[in-house]
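Note sheet for the following structure.
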Amino acid sequence: MSAGHHHQLYRAGDSPVHRLPPQCKLLAVAAFAVAVVATPRDRLWAFAVYAVLLAAVAAAARVPAGFVLRRMVIEVPFVLFAVVIPLVGTGERVAVLGVPLSVPGLWAAWNILAKATLGVAASILLAATTEPRTLLLGAERLRLPRLLVQIATFMLRYMDVILDQMRRMRIARESRGFVARDLRQAPVLAKSAGALFIRAYERGERVHLAMLSRGYAGEMPIIRDLSASRRDWGLAVLLPVLAAATAVLSWSLA
Amino acid sequence: MTVTSPSLAVRGLAYAYPDGTQALFGVDLTIARGERVALLGPNGAGKTTLVMHLNGILTAGHGTVEVAGLPVRADTLREIRRRVGLVFQDPDDQLFMPTVREDVAFGPANLGIRGDELDRRVRDALGRVGMLGALDRPPHHLSFGQRRRVAVATVLAMEPEILVLDEPSSNLDPASRRELADILSGLDVTVLMVTHDLPYALELCERSLILSGGVIAADGPTRELLADADLLAAHRLELPYGFAVPAHPS
Ligand SMILES: Nc1ncnc2c1ncn2[C@@H]1O[C@H](COP(=O)(O)OP(=O)(O)OP(=O)(O)O)[C@@H](O)[C@H]1O
Ligand SMILES: [Mg+2]
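Note that the protein sequences, when read in sequence, are chains A and B.
Taken in order, the first sequence gives residues 1 to 254; the numbers are from our numbering.
Taken in order, the second sequence gives residues 255 to 504; the numbers are from our numbering.
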């Protein structure tokens, strides 16, 4: 379990997409998402174009479709939500397989599903081609709040350490006969969680001392220089520019 | 600072924790440049407390600490932390960056080193501990012994005047313990090594200090201190079962 399961999104490779500096990819995905969201929901052809664009990126990155599809499960809550809307929606109704569904509800559901799917797929492609660490460096370069980036960096480093500690505490509980059967065991679990928190907190203090010992003065030093060339930006803007053109067209071609 | 100043000079160092626990009662010690010295002492003797004073994490209640002639004070902290390389007991505390390369680069980068020189320092430090192959690996995927070695590299990259290690051999298997000893004995820096592992002290350090009850209780050649059964017993130190101090250096 400690083999870093939060890295599962990343798929090592050496494609042009992998090689792009992270800040270019981050901006490209964000701009793509804006274009998708801005597209009127009844321009079905525009959504088809977006899907083709993403498929082209996936092909360039040599990320197989199955890899992306399997990671789309995080979208499940959206799907459930979308399923409910046509059932409870008001207005004109249409019968599908004998179930009366609200037409505006169906459109609303399609809107959520299509846009969420495209956004999630783009994010998965980003994560599949960019190491978590590099992603954070990219965020830093884009001037995202440093504190947030630092917190995320430490989470990345200590996730496994803390999960491992949790596992060891569970084993220690269970080897002394503890079984979490029902609510009556909750106090024990709560105490374990408290102990875990204190350990994590103390770890934080010790790490801070270690950082001070190596000259930390409040700012993370720049270690990896990830500057993007014009060529990088030129390549990265392809996706959002094509998406933006599609969005503009979808507005004008009523 | 002059070339002749000792690497480390501690005079009359006393310290009480904020809760009132008096941990150090006036510690005096001097370590010459290039010496390797072991700091021995029972649990709670104040060893870690002393070590934390050496790079100004704790500031002396009384007394002074000087590193190569430079006193530890608020306005010298930056230079002091460059000169004193502290290796913590738990490598997971020391290795906080997502990759080994970034972790080793952290210290020198804080000193303002960038680019090729930074890269050279990182490779050089990792090479000295035999971990160049782990450059781009995340620290948590390394074995414990490997992490300890990378932890040593993180401070070597700062090219310190003195290397201070808190319990370097703890939790290492015999082979890793041996590898670390080879690395430490091959370094040409001053070393102060806190340890409970008396044979390790004997192997690596000519000289030892015994810290007990917050003062230096003994200071002399490791061989002589470890041969003095009464002295060891008085300070709750014990040689491992069946271990006898060899009569001649091996
Ligand atoms: N944060 C703290 N607050 C209060 N007292 C402390 C604190 N840390 C240590 N002490 C006390 O200071 C004394 C010296 O502790 P220190 O950790 O320096 O001992 P040590 O020699 O490193 O022991 P060990 O061999 O167990 O690591 C002990 O009595 C300890 O209880
Ligand atoms: Mg200690």
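All C-beta atoms in this analysis are idealised placements derived from N, C-alpha and C, irrespective of residue type, glycine included.
Note that the coordinates shown come from a computational prediction; the quantities given were computed from them, not determined experimentally.
{"query": "What residues come near ligand 1, if near means a beta carbon less than 5 Å from any of its heavy atoms?", "result": "B:Y271, B:D273, B:T275, B:A277, B:N297, B:G298, B:A299, B:G300, B:K301, B:T302, B:T303"}
{"query": "Is it the case that the Cβ atoms of L293 (chain B) and L458 (chain B) are separated by a distance below 8 Å?", "result": "no"}
{"query": "Report the start-end ranges of each beta strand (DSSP E) in the region 278-329 of chain B that is 3 residues or longer and not cut off at the edges.", "result": "290-294, 316-321"}
{"query": "Could you tell me the boundaries of the beta strand (DSSP E) in which G177 (chain A) lies?", "result": "Counting along the chain, G177 (chain A) falls outside any beta strand (DSSP E), and DSSP gives it neither H nor E."}
{"query": "Closer than 7 Å by C-beta to K301 (chain B): which residues in its own chain qualify, once you throw out the five before and the five after it? Chain order, please.", "result": "L293, G295, V448, L465"}
{"query": "Pull up the DSSP beta-bridge partners for Q276 (chain B), would you.", "result": "B:A270"}
{"query": "L294 (chain B) versus chain A: which residues are under 8 Å apart at the beta carbon?", "result": "Result: empty, since nearest Cβ-Cβ is about 23 Å, beyond 8 Å."}
{"query": "Within the 8 Å Cβ cut-off, does A322 (chain B) reach chain A?", "result": "no"}
{"query": "Within its chain, find whatever has a CB closer than 7 Å to the CB of G91 (chain A); leave out the 5 residues flanking it on each side and keep chain order.", "result": "S102, V103, P104"}
{"query": "With respect to the alpha helix (DSSP H) encompassing R335 (chain B), which residues constitute its N-terminal and C-terminal limits?", "result": "331-337"}
{"query": "Taking 7 Å as the line, does the beta carbon of D420 (chain B) fall inside it for any heavy atom of ligand 2?", "result": "yes"}
{"query": "Is the Cβ of I500 (chain B) closer than 8 Å to any Cβ of chain A?", "result": "The amino acid at residue 500 (chain B) is misidentified as Ile; the sequence shows Pro. No, P500 (chain B) does not count as interfacial toward chain A."}
{"query": "Kindly indicate if chain A contains any beta-carbon less than 8 Å away from that of G317 (chain B).", "result": "no"}
{"query": "Leaving out five residues before and five after I367 (chain B) in sequence, what residues of the same chain have Cβ atoms less than 8 Å from its Cβ?", "result": "R375"}
{"query": "Quick one: measure Cβ to Cβ for A322 (chain B) and S259 (chain B), integer angstroms, because I've assumed they're closer than 8 Å.", "result": "5 Å"}
{"query": "So, for L431 (chain B): in the same chain, excluding its five sequence neighbours on each side, which residues have a beta-carbon less than 6 Å away from its beta-carbon?", "result": "Note on identity: in this sequence residue 431 (chain B) is Arg, with Leu being the wrong assignment. Answer for R431 (chain B): S423, listed in chain order."}
{"query": "Hey, quick one: how far does the alpha helix (DSSP H) through V443 (chain B) stretch, first residue to last?", "result": "Premise fails: V443 (chain B) is in no alpha helix (DSSP H) and is neither H nor E."}
{"query": "Report the rounded CA-to-CA distance for A247 (chain A) versus L239 (chain A), giving the unit in angstroms.", "result": "12 Å"}
{"query": "With a threshold of 8 Å on Cβ separation, who are the neighbours of H5 (chain A) within its own chain once the five nearest residues in sequence on each side are excluded?", "result": "Caution is warranted here: a pLDDT of 46 is assigned to H5 (chain A), below 50, making its placement in the model unreliable, and the coordinate value is therefore given only provisionally. Cβ neighbours of H5 (chain A) beyond the five flanking positions: none."}
{"query": "First and last residue of the beta strand (DSSP E) that includes S461 (chain B)?", "result": "Reading off the sequence, residue 461 (chain B) comes out as Arg, not Ser. Where R461 (chain B) is concerned, the enclosing beta strand (DSSP E) stretches over 461-466."}
{"query": "Report back the beta-carbon spacing between L380 (chain B) and A407 (chain B) to the nearest angstrom; my notes put them in contact at under 8 Å.", "result": "5 Å"}
{"query": "Tell me the rounded alpha-carbon separation between V383 (chain B) and L389 (chain B).", "result": "12 Å"}
{"query": "In the DSSP assignment, what residue or residues form a beta bridge with V96 (chain A)?", "result": "A:V99"}
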